[in-house]
Every structure is written in structure tokens, then in C-alpha cells.
Amino acid sequence: PPHGLVDGGADLGRLIAELHRVLADRLGTHEIAHETLAGWADAMTSQLDRVLKLADSSTQPHVRAVVDAADELHSRFQGLCEIASPGRSLRVHGDLHLGQLLRRADGAWLVLDFEGAPARPLGERRRPHSPLRDVAGMVRSFDYAATHDAASRGEADPPPVLRAWRDELVWGFTAAYDAAAPPRLLPPDPTAHRWLRSALVLDEAVYELGYELDNRPCWAAIPAGGILRVLAGEGAEMTS
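Going by the working numbering, the sequence shown opens with residue 408, and the numbers climb by one from there.
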């Protein structure tokens with residue numbers, strides 16, 4: 408595995424925290440009201456329902472397991488409404504993944520392409536969101552980096568060494584981000600923090616599952632496996 412990337416995970420976490428600090432200072436932040444959380448939960452649930460309809464005809468074991476977990480996924484998303492202090496929202500990158508990053512020869516990272524997810528309406532891309540939305544995007548991207556080779560061979564899971572590499576990278580990234588990000592942007596309660604982040608990771612993985620079922624069904628096990636791992640409380644994205 409590329410150990411330099413593992414070593415750079417913490418640097419990348421600090422970079423994204425600094426990016427959010429600058430965006431917050433220059434563009435402002437907003438209180439995340441209960442109505443905002445409810446809107447996020449409803450949007451996540453609507454997307455989930457659309458993807459479950461696609462997934463219902465799949466015979467892949469991981470995808471079938473996601474369909475069977477529909478009630479738990481609905482509960483996770485609606486549980487956002489119970490977070491009392493979710494932090495602040497701001498203009499985030501909105502489409503953050505490894506393909507949006509360049510690493511210079513001196514090890515410094517550059518963040519590219521701030522137009523947001525191109526498949527989403529412009530108004531939605533401009534809408535403020537929790538900075539943990541970008542964190543969730545990176546967590547999912549690390550999973551793809553570890554798993555895509557196995558998926559291309561028709562295997563659902565990466566080998567143990569790549570699972571360990573992924574978890575180490577996610578842990579380093581999220582721990583460094585949490586330590587460096589402005590505290591006012593994040594939920595002050597650790598349990599609420601993990602719940603919000605896990606819901607956003609799940610939402611990102613559900614979006615990916617819909618994309619893969621439409622375009623690359625043989626890769627659907629990657630986001631499906633990510634969903635199941637979060638629901639099981641496994642992986643570094645759940646423990647940092």
C-alpha cells in the first residue's frame with residue numbers, strides 16, 4: 408500500500424479543516440436549525456427510497472443486505488432531528504474526493520474544483536451545509552481507493568492489508584480534522600458528532616450505490632459494503 412498516502416492523511420485532514428476555517432471566515436456561517444436538520448433528513452430519506460427501488464432487483468449479497476436494512480437506514484437519517492447542537496453550516500466544497508486533490512512534490516496538498524457535485528442542481532450546490540459533508544466525501548473516497556481493484560475482479564471486499572490501510576488512513580484524516588477544525592463548526596457532543604458524520608457518510612454511500620447500480624453494477628458492492636460497515640459500527644470512520 409502507498410504508505411506516503413497514509414502518512415499524508417493527517418496532513419490532508421488539517422488542510423480540509425483550514426479550508427473550512429477560511430470559508431467560514433470569508434463567507435460566513437449559519438446556525439443549523441431543527442428545520443434544517445429535518446430538511447436534510449427528508450432529502451436523505453427520499454434519495455434512499457429511490458435507490459432502494461433500484462437495488463431491489465439486484466442479486467448481489469451486499470446490495471441485498473442493504474435492502475434488508477432499509478428500516479435501520481431510515482431510522483439513522485430521521486435520527487438527525489434529535490441532534491440538539493449540530494454545529495454551524497457554511498459553503499462547503501460539496502464534491503470532495505481524492506480526484507479533486509493534487510499532491511505536490513514537496514508533499515503539500517491542493518484542493519481543486521469548487522463547483523460542487525455536477526449532478527446536483529446549482530441551488531443545492533450553493534446551499535450551506537455541515538462541514539462534515541466534505542469529511543464524509545473523503546471517507547467514502549478512501550474506501551473506493553482501497554476497494555476498486557477487488558471490485559474490478561468481481562470481489563466484494565478488499566484484502567486485509569488494504570482494509571487496514573483504509574482504516575488507518577480514515578482514522579488519521581478524521582482525527583486530524585477534528586483536532587484542527589474550528590470547534591464552533593462542529594457538534595460539541597462527541598456522540599452527536601459521530602451520529603451526524605455517520606449519517607452523512609451513509610448518505611454519500613447511498614448516492615454512490617444508486618450511481619453504481621445505474622452505471623457499473625459490478626461495483627455496487629463498494630458503496631453497499633460501506634453502508635453495511637457503518638450500520639455495524641465498524642471501521643475507523645465510526646471510532647475517531
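Here a beta-carbon is modelled for each residue, glycine too, at the ideal position from N, C-alpha and C.
Fair warning: this is a prediction, and the values are worked out from it, not measured in the lab.
Rounded straight-line distance, which links the Cα of residue j to that of residue i
i, j, result
"residue 583", "residue 431", "18 angstroms"
"residue 624", "residue 514", "36 angstroms"
"residue 606", "residue 504", "17 angstroms"
"residue 550", "residue 435", "31 angstroms"
"residue 590", "residue 466", "44 angstroms"
"residue 733", "residue 633", "Only positions 408 to 647 of the chain appear in the structure, and residue 733 is not among them; the question remains open."
"residue 450", "residue 608", "14 angstroms"
"residue 594", "residue 424", "15 angstroms"
"residue 455", "residue 422", "31 angstroms"
Residue i, enclosing beta strand (DSSP E) - first and last residue
i, result
"residue 518", "516-518"
"residue 509", "508-510"
As assigned by DSSP and simplified to three states, the class of residue i
i, result
"residue 539", "helix"
"residue 348", "Here the chain has residues from 408 to 647 only, and residue 348 is not among them."
"residue 377", "With the chain represented from 408 up to 647, any question about residue 377 goes unanswered, as that position is not in the structure."
"residue 560", "coil"
"residue 463", "coil"
"residue 593", "coil"
"residue 448", "helix"
The alpha helix (DSSP H) enclosing residue i, as first and last residue numbers
i, result
"residue 580", "567-587"
"residue 629", "628-638"
"residue 597", "597-622"
"residue 475", "468-475"
"residue 531", "529-533"
Those residues which DSSP pairs with residue i across a bridge
i, result
"residue 438", "495"
Cβ-Cβ distance between residue i and residue j below 7 angstroms
i, j, result
"residue 616", "residue 628", "no"
"residue 523", "residue 417", "no"
"residue 528", "residue 497", "no"
"residue 638", "residue 479", "yes"
"residue 544", "residue 611", "yes"
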